[in-house]
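In this note's numbering, each residue's number is its place in the sequence shown (first place is 1) plus 424. C-beta: ideal position from N, C-alpha, C; glycine also.
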Amino acid sequence: MGYSQVVDDHSDCNAARKALKEGKINEAIIGFKKGAAKNCASSMDALGIVYSYPEYKINNYVEAKKWFTQASNAGYSEAKTNLAMMAYLGHGEPKNLKKSAQQLEELLYQSVTPLDIQYLSELYFEDSTAVDQKRLRNYLEIARLKQIPISYLMTAYVMLIKSESGDDPIVWLEKAHDADIIDAVMLLGSMYEKGTKFNSIDILKAKKYYAAGIGYKLDGAQEAYNRVESIIKKMK
């Protein structure tokens, strides 16, 4: 997981983002603070990013939380997500998955967004007690109705962790694959290679998905492809 950030068209903020891309961290901070002084919420959020993200090597989580909080109080939803991530990651406070889940659910209650649904799902995968599965399934259903592609993958993962009657993770993994969610590829290949309670072994389909994995340059894809290719040759 990482923090969320978006770009707006505020001149000070955008100039600061340009400086940040060029590695001019101090110049970027000055620019974001100018934007924040003009009540630019995305500048406040960006300051939280700079102070907390490892890439910028500052790791001042007290400052990060201060700026995320200011941006959140200004109604900036990405900052609210970032505060939830601080609780999840234990940045500046003890790691608290239930607190993070509660914050994310409050955001999802207002509007189901791709990032929040992904984070809440990943949080559930780490600790299934942090969020009720039934509520998570409801959020995922809303996300699927909104045709949010990541929700297809997350739905499949939830079904694989704890299945219910009528669950078919293969359907959602294939939908995720069709939506170019590459994380679905190797899992589909493995499920078709080995077979599961949801599907029978289909080496040709496994080969197809591993081939897609090679196209995406995924780790282990070539080895997996060679393995099933060997099986196919022996079957002839």
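Reference residue i; option with closest CA among the options
i: Asp469; options: Cys437, Ser587, Lys522; result: Cys437
i: Ala580; options: Leu569, Leu564, Gln571; result: Leu564
i: Ile453; options: Lys462, Ser467, Asn463; result: Ser467
i: Gly472; options: Ala461, Val486, Asn463, Lys462; result: Val486
i: Gln527; options: Glu550, Ala503, Arg441; result: Ala503
i: Ser589; options: Met578, Lys599, Gly613, Lys621; result: Lys621
i: Lys660; options: Gly516, Ile627, Ala508; result: Ile627
i: Met615; options: Thr537, Asp604, Ile594; result: Ile594
i: Val582; options: Ala603, Glu550, Gly613; result: Glu550
i: Asn484; options: Gly516, Ser552, Ile625, Val609; result: Gly516
i: Asp607; options: Ala645, Tyr477, Lys442, Lys631; result: Ala645
i: Pro478; options: Ala630, Val536, Tyr634, Ile449; result: Ile449
i: Tyr633; options: Trp491, Tyr649, Asn497; result: Tyr649
i: Gly639; options: Gln571, Met610, Asp556; result: Met610
i: Leu642; options: Ile585, Gln494, Asp556, Ile605; result: Ile605
i: Gly447; options: Ala461, Lys490, Ile482; result: Ile482
i: Ala508; options: Phe492, Ala460, Ala498; result: Phe492
i: Ala567; options: Tyr533, Glu647, Lys489; result: Tyr533
i: Gly459; options: Lys445, Gln571, Gln494; result: Gln494
i: Lys462; options: Val474, Ala498, Tyr480, Lys489; result: Ala498
i: Ala511; options: Ala554, Thr537, Val536, Ser535; result: Ala554
i: Asp602; options: Asp592, Pro573, Phe456, Asp556; result: Pro573
i: Cys464; options: Gly613, Tyr480, Ala636, Ala440; result: Ala440
i: Glu598; options: Asn562, Ile655, Ala636; result: Ala636
i: Ser624; options: Pro538, Arg651, Asp592, Glu653; result: Asp592
i: Thr505; options: Ser552, Lys657, Tyr480, Pro538; result: Pro538
Cβ-Cβ separation, residue j to residue i (assumed contact under 8 Å), whole Å
i: Ser575; j: Ile541; result: 6 Å
i: Leu560; j: Tyr543; result: Wrong, their Cβ atoms sit about 11 Å apart, outside the cutoff.
i: Ser496; j: Leu531; result: Their Cβ separation, rounded to whole angstroms, is 10 Å, which puts Ser496 and Leu531 out of contact at 8 Å.
i: Leu513; j: Lys522; result: Not quite, the Cβ-Cβ distance comes to about 14 Å (not below 8 Å), so this is no contact.
i: Leu577; j: Ala600; result: 4 Å
i: Val536; j: Lys570; result: 6 Å
Residues bridged to residue i [DSSP beta-bridge criterion]
i: Asn623; result: Thr620
Residue i - containing alpha helix (DSSP H), residue span
i: Ile574; result: 574–585
i: Ile594; result: 593–602
i: Ser589; result: Careful: Ser589 lies outside any alpha helix (DSSP H) and carries neither H nor E.
i: Pro538; result: 538–550
i: Thr505; result: 501–513
i: Asn650; result: 645–659
i: Glu565; result: 557–569
i: Ala498; result: Here Ala498 belongs to no alpha helix (DSSP H), and DSSP marks it neither H nor E.
i: Asn520; result: First-last for Asn520: undefined, no H or E at that position.
i: Ala554; result: Counting along the chain, Ala554 falls outside any alpha helix (DSSP H), and DSSP gives it neither H nor E.
i: Asn661; result: Limits of the chain in this structure are 425 at one end and 660 at the other, which puts residue 661 out of reach.
### Message
Runs of 4 residues minimum, wholly inside the stretch 448–479: which ones carry the alpha helix (DSSP H) assignment?
### Response
The stretch 448–479 contains these whole alpha helix (DSSP H) runs: 449–461, 465–476.
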